[in-house]
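Asks: My questions will all concern the structure given below.
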Amino acid sequence: MIFAITALIGFGLLSTVPLDDDDNDARDGDDVIDLFDANGSDAPTAWMGQDLNNLDLVDGGSGDDVITLETEDGEVHGGEDDDTLTVYSFAPQVYGGDGDDPITVTSSDSNGLLVEGGEGDDIIDASAVEDGRLNRGAGNDLIIVEGGGGPNGIGYVAVPSGGDRDDIIRFDAMTAVNDLGIEMQLAYGGAGADIFEVSVDKGAAEIGTEIGSGHDHPNATLLDDGSLRIETLTIPDFEPGIDKLVLDATPQNDGYALSGLSLSEVEKDDGETGTDVTLTYESDDQITRHVVISLHATGVTLKDIELLDPEGAELLPLT
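Counting along the sequence shown from 1, when you hit position 128 you're at 128 in this note's numbering, and nothing is skipped either side.
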């Protein structure tokens, strides 16, 4: 085939780089496109020395395509049918298109990253993304994301968003309670009966000491009773009776135990009433911690929440 990749080369001009094989259709068919240079150089020799870090467009077209790409910018389109996309990048735009697409994105310092699943039942794995927006599509999608932070900086966040169908958003919120620079994390389910699978614990041991010493944390507050409140995740569009919050809240091995889960309706910053889901962790020799997941909804009950392996935690009614 002749597979066309539009690249920015030379003096900012656009050109097309062809790659030949035995397929005579430029866009149709099941293509395997591997543009990942494991040695870290800018461009494999097959691409005539051109800079793959500045690719403008990769489009698989129709067919079940497998696209592996390392680039700093540009757009990646899977096209129609069931595509497998793996992108190592800083700030691309990745579109799965129609079909059931597994999409894996690895990115750091990724301001501007956008992943659109498109139609079909997609799996978007952005667990190695520091900053970006992950949008579902029209199918029943699974979105996997770690909620912020990373080796190249603090304060980064990946914002997953479900669509109009029944999505699963698997969110690791532990980074926000372990890093003093991480802001409140956001996850949107969209319409449909969505499941938010959230991993969280009581946070790093040093946070309590640092807050007590006057250090700032964007979402941690030392309360009057000496306990610590940490806000970790907001779900702005949670629908009680429709959506489900599944919590893996097992504490790490440092002397804390999960002692309770409670619900309370509170006034939010925008003046609206919402519900705080509070996980309380207690220790024999360290301060008590309250880790909060904020739902912008009222009427939330314990029927809307599933606590995995509660290990004796007390479930308290709405207060």
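Heads up, the beta-carbon is just placed ideally off N, CA and C, and yes, glycines get one too. What you are looking at is a predicted structure, and each value in this text was computed from that prediction instead of being measured.
1. How long is the line joining the alpha carbons of residue 69 and residue 86, rounded to whole angstroms?
2. Rounding to the nearest angstrom, what Cα-Cα distance links residue 122 and residue 315 in this structure?
3. Would you kindly work out how many angstroms separate the C-alpha atoms of residue 285 and residue 308, rounded to a whole number?
4. So residue 237 and residue 190 are in contact, right, with Cβ under 8 Å, and what is the actual spacing, rounded?
5. Over what stretch of residues does the beta strand (DSSP E) that includes residue 274 continue unbroken?
6. Can the beta-carbon of residue 226 be found less than 7 Å from the beta-carbon of residue 293?
7. Going by DSSP, what residue range makes up the beta strand (DSSP E) through residue 256?
8. Would DSSP call residue 65 helix, strand or coil?
9. Put residue 302 into one of helix, strand or coil per three-state DSSP.
10. Can you list, in chain order, the residues of its chain whose CB lies under 6 Å from that of residue 242, leaving out five sequence neighbours each side?
11. According to the Cβ coordinates, are residue 74 and residue 62 closer than 7 Å?
12. Within a Cβ cutoff of 6 Å, which residues of the same chain sit near residue 170, ignoring the five residues on either side of it in sequence?
13. Per the DSSP calculation, residue 222 is bridged to which residue(s)?
14. Taking 7 Å as the threshold (C-beta atoms), are residue 265 and residue 298 in contact?
15. Determine the closest residue to residue 278 out of 200, 269 and 188, with distance taken between C-alpha atoms.
16. Give the straight-line distance between the Cα atoms of residue 83 and residue 186, rounded to the nearest whole angstrom.
17. Excluding five sequence neighbours on each side, which residues of the same chain lie with their C-beta closer than 6 Å to the C-beta of residue 142?
18. Express the C-alpha separation of residue 291 and residue 282 in angstroms, rounding to a whole number.
19. From the DSSP output, read off the bridge partner residues of residue 185.
20. Helix, strand or coil: which one does DSSP assign to residue 293?
21. Going by other Cβ atoms of all chains shown within 10 Å of its Cβ, with 16 needed for buried, is residue 223 buried or exposed?
Replies: On the basis of the data shown:
1. 6 Å
2. 34 Å
3. 26 Å
4. Rounded, the Cβ-Cβ distance is 7 Å, consistent with contact.
5. 273 to 283
6. Contact: no.
7. 256 to 267
8. coil
9. For residue 302, the three-state secondary structure derived from DSSP is helix.
10. 193
11. no
12. 144 and 197
13. Paired residues: 228.
14. yes
15. 200
16. 28 Å
17. Closer than 6 Å at the Cβ level, and outside the excluded window around residue 142, lie 123 and 168.
18. Cα to Cα, the separation comes out at about 11 Å.
19. 233
20. Residue 293 sits in a strand when the DSSP states are folded into three classes.
21. exposed
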